[in-house]
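The structure appears below as structure tokens.
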Amino acid sequence: MLRHLTAGESHGRALVSILDGMPAGLKVDEGFINHELKRRQSGFGRGARMKIEHDKAKILSGLKNNRTLGSPITLLVENKDWSIEKLHKVMSPRPGHADLAGFLKYGFSDIREVLERASARSTASTVAVGAVCKQLLNELKIKISSRMVSVGGEMDETEIKNKIIEARTLNDTVGGIFEVQAKGVPVGLGSYVQPDSRLDSRLAAAIMSIPGIKSFEIGLGFRYGDKFGSEVHDPIYYSKQKGYFHKTNNCGGIEGGISNGEDIILRACMKPISTLMNPLDSVNVSTRKISKAATERSDICVVEAAGVVAEAAAAFVLAQALLEKFGSDSLSDIKEAVKIYLKRIS
Ligand code: EPS
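Using the numbering used here, the letters of the sequence shown correspond one by one to residues 20 to 365.
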């Protein structure tokens with residue numbers, strides 16, 4: 020089974036990921052991983068840390084002559100700003116962050132010990148892993164992309180930019196909604212047979228695991244609640260050229276927890292970053308006296324970057340479901356299995 024683990028603190032030496040279960044024979048382009056890491060660092064509204072870091076992945080295991088061996092792939096992203104031992108203590112938890120719950124849970128004396136691992140810096144690992152998965156999906160012509168839908172309620176590109184400028188001017192932050200699309204996914208990934216085999220539950224878990232995500236939907240999502248069934252279900256057609264198809268895609272490419280061959284369309288909402296330069300009320304965990312929440316260098320808006328991270332998270336889930344269905348030892352065997360399957364269902 021394809022699985023991965025990540026490790027690393029925001030200001031520790033490095034972020035490390037191990038991706039286990041990739042088939043042998045996949046050509047992996049380190050340049051593409053770095054391109055994806057750069058996309059994660061981009062977008063209007065990012066903070067000063069992004070000027071310090073130039074994230075690059077080093078592949079430490081799992082490849083020979085740039086091809087996967089079927090053994091675990093280790094990806095290392097070094098931190099330039101690794102000052103974890105020298106950083107000042109944090110005593111006033113930020114509302115919205117893991118600070119207070121993590122501090123109480125682990126029995127720390129410094130909130131810094133929570134925020135180092137809770138930091139969204141860990142999403143560089145998600146993107147590195149996802150960039151390898153995307154290269155597998157690419158071999159089967161499955162493409163994943165994302166776009167910002169809205170920021171602070173604004174949908175127009177210029178208005179979005181203005182909203183982010185306004186947030187910066189007000190020493191505030193702003194969140195928003197992004198969409199991820201996966202094209203070329205064959206019918207039949209995931210299953211209704213168990214709750215955790217459903218493709219939609221797995222995508223939801225992967226996207227909800229990104230720090231700051233507060234809601235998730237597939238296809239029409241919450242808007243299903245406003246309509247009659249006859250208005251929203253996607254009628255089924257058949258033609259010799261296309262096989263079975265739909266003219267609409269309200270279900271966002273998933274029915275019964277299984278991909279149905281249409282584009283997979285996911286949306287999620289990222290809350291505004293919880294580090295506010297004009298901080299909210301909080302309580303000092305040492306004195307228990309009211310104080311303003313801690314301020315830290317941070318971003319103003321990361322909705323665009325969150326979309327890039329969500330692409331990677333979705334790529335991992337789709338790669339995992341693909342390998343479940345078509346085998347996971349060798350890329351050429353997988354391609355053959357896909358060919359036979361597509362012929363059967365055509
Ligand atoms: C981030 C790195 C962090 C933050 C941000 C995302 O770096 P630093 O704390 O040194 O500025 O900029 O983290 C958060 C938004 C958060 O809530 O923790 C990154 O690499 O994406």
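For every residue, glycine included, the Cβ atom is placed at its ideal position computed from N, Cα and C.
With 16 other Cβ atoms within 10 Å as the buried cut-off, status of residue i
{"i": "A224", "result": "exposed"}
{"i": "A356", "result": "exposed"}
{"i": "T177", "result": "exposed"}
{"i": "V193", "result": "buried"}
{"i": "I353", "result": "buried"}
{"i": "Q260", "result": "exposed"}
{"i": "P254", "result": "exposed"}
{"i": "H30", "result": "buried"}
{"i": "E104", "result": "exposed"}
{"i": "L222", "result": "buried"}
{"i": "T87", "result": "buried"}
{"i": "F122", "result": "buried"}
{"i": "A120", "result": "exposed"}
{"i": "S138", "result": "buried"}
{"i": "I359", "result": "exposed"}
{"i": "R140", "result": "buried"}
{"i": "K182", "result": "buried"}
{"i": "L361", "result": "exposed"}
Presumed contact (8 Å Cβ cut-off) between residue i and residue j, rounded CB distance
{"i": "A331", "j": "T145", "result": "5 Å"}
{"i": "I232", "j": "I284", "result": "Contact doesn't hold; Cβ gap of about 16 Å is too wide."}
{"i": "I277", "j": "G346", "result": "Wrong, their Cβ atoms sit about 18 Å apart, outside the cutoff."}
{"i": "L350", "j": "L45", "result": "5 Å"}
{"i": "G275", "j": "V206", "result": "With a Cβ gap of about 11 Å, G275 and V206 do not count as contacting."}
{"i": "N84", "j": "V47", "result": "Between V47 and N84 the Cβ distance is about 10 Å, and since that is not below 8 Å, they are no contact."}
{"i": "I179", "j": "E173", "result": "5 Å"}
{"i": "P230", "j": "T142", "result": "7 Å"}
{"i": "D100", "j": "R68", "result": "7 Å"}
Residue of the options minimising C-alpha distance to residue i
{"i": "Y257", "options": "L156, S365, S305", "result": "S365"}
{"i": "G66", "options": "M296, M167, Y211, G89", "result": "M296"}
{"i": "H23", "options": "A334, V133, D348, N157", "result": "A334"}
{"i": "A43", "options": "R68, E55, L155", "result": "L155"}
{"i": "E55", "options": "L299, E343, E323, Y360", "result": "E323"}
{"i": "E28", "options": "M20, N53, N98", "result": "N98"}
{"i": "Y263", "options": "D39, I226, R363", "result": "R363"}
{"i": "C152", "options": "A340, D219, Y211, S310", "result": "A340"}
{"i": "E343", "options": "E158, S216, R136, R166", "result": "S216"}
{"i": "G50", "options": "T306, A150, I196, A186", "result": "A150"}
{"i": "M167", "options": "M227, G195, V133, H107", "result": "G195"}
{"i": "K77", "options": "N53, K311, G40", "result": "N53"}
{"i": "R187", "options": "S305, T294, V304", "result": "T294"}
{"i": "I108", "options": "M41, K308, L361, N303", "result": "The question names Ile, but residue 108 is Lys in the sequence shown. Among M41, K308, L361, N303, the Cα nearest to that of K108 belongs to N303."}
{"i": "L82", "options": "G40, V251, R307", "result": "G40"}
{"i": "R307", "options": "L21, P214, M110", "result": "M110"}
{"i": "L106", "options": "E135, S80, K124", "result": "E135"}
{"i": "R286", "options": "G326, Y211, F247", "result": "G326"}
Residue i, enclosing beta strand (DSSP E) - first and last residue
{"i": "T25", "result": "22 to 26"}
{"i": "S351", "result": "Taken as a continuous stretch (DSSP letters only), S351 belongs to no beta strand (DSSP E), being part of the alpha helix (DSSP H) at 350 to 364."}
{"i": "K162", "result": "162 to 170"}
{"i": "M296", "result": "Unbroken run through M296: none, as it is neither H nor E."}
{"i": "K182", "result": "No beta strand (DSSP E) contains K182, which is instead part of the alpha helix (DSSP H) from 176 to 188."}
{"i": "A33", "result": "33 to 39"}
{"i": "Y257", "result": "255 to 258"}
{"i": "N213", "result": "The residue asked about is misnamed: residue 213 is Gln in this sequence, not Asn. No beta strand (DSSP E) holds Q213; DSSP gives it neither H nor E."}
{"i": "A76", "result": "76 to 80"}
{"i": "V199", "result": "195 to 202"}
{"i": "H265", "result": "262 to 265"}
{"i": "K233", "result": "232 to 237"}
{"i": "T192", "result": "Element bounds for T192: n/a, residue is neither H nor E."}
{"i": "I283", "result": "283 to 289"}
{"i": "E315", "result": "Careful: E315 lies outside any beta strand (DSSP E) and carries neither H nor E."}
Limits of the alpha helix (DSSP H) - the one that residue i falls within
{"i": "H54", "result": "49 to 60"}
{"i": "Y243", "result": "Y243 -> no alpha helix (DSSP H), and no H or E assigned at all."}
{"i": "M69", "result": "68 to 71"}
{"i": "T306", "result": "Where T306 is concerned, there is no enclosing alpha helix (DSSP H), given that its DSSP letter is neither H nor E."}
{"i": "V336", "result": "322 to 345"}
{"i": "R131", "result": "131 to 137"}
{"i": "E225", "result": "Just to set this straight, residue 225 is Ala in the shown sequence, not Glu. 218 to 227 is the extent of the alpha helix (DSSP H) around A225."}
{"i": "G149", "result": "142 to 158"}
{"i": "G121", "result": "118 to 125"}
Residue i: CB within 6 Å of a non-hydrogen atom of ligand 2
{"i": "A139", "result": "No copy of ligand 2 appears in this structure; the ligands present are ligand 1."}
Would you call the region 27 to 38 and the region 290 to 300 in contact, with 3 or more CB pairs under 8 Å? no
So, do the region 116 to 129 and the region 68 to 79 have three or more beta carbon pairs nearer to each other than 8 Å? no
Counting pairs of Cβ atoms below 8 Å between the region 113 to 120 and the region 79 to 92, do you hit three or more? no
Count Cβ pairs between the region 320 to 331 and the region 141 to 155 that sit closer than 8 Å; are there 3 or more? yes
Would you say the region 153 to 165 touches the region 191 to 208, given that touching needs at least three Cβ pairs under 8 Å? yes
Would you check if the region 265 to 284 and the region 235 to 252 touch, i.e. whether three or more CB-CB distances between them fall below 8 Å? yes
contact_flag[the region 308 to 320, the region 54 to 65] where n(CB pairs < 8 Å) is 3 or more: yes
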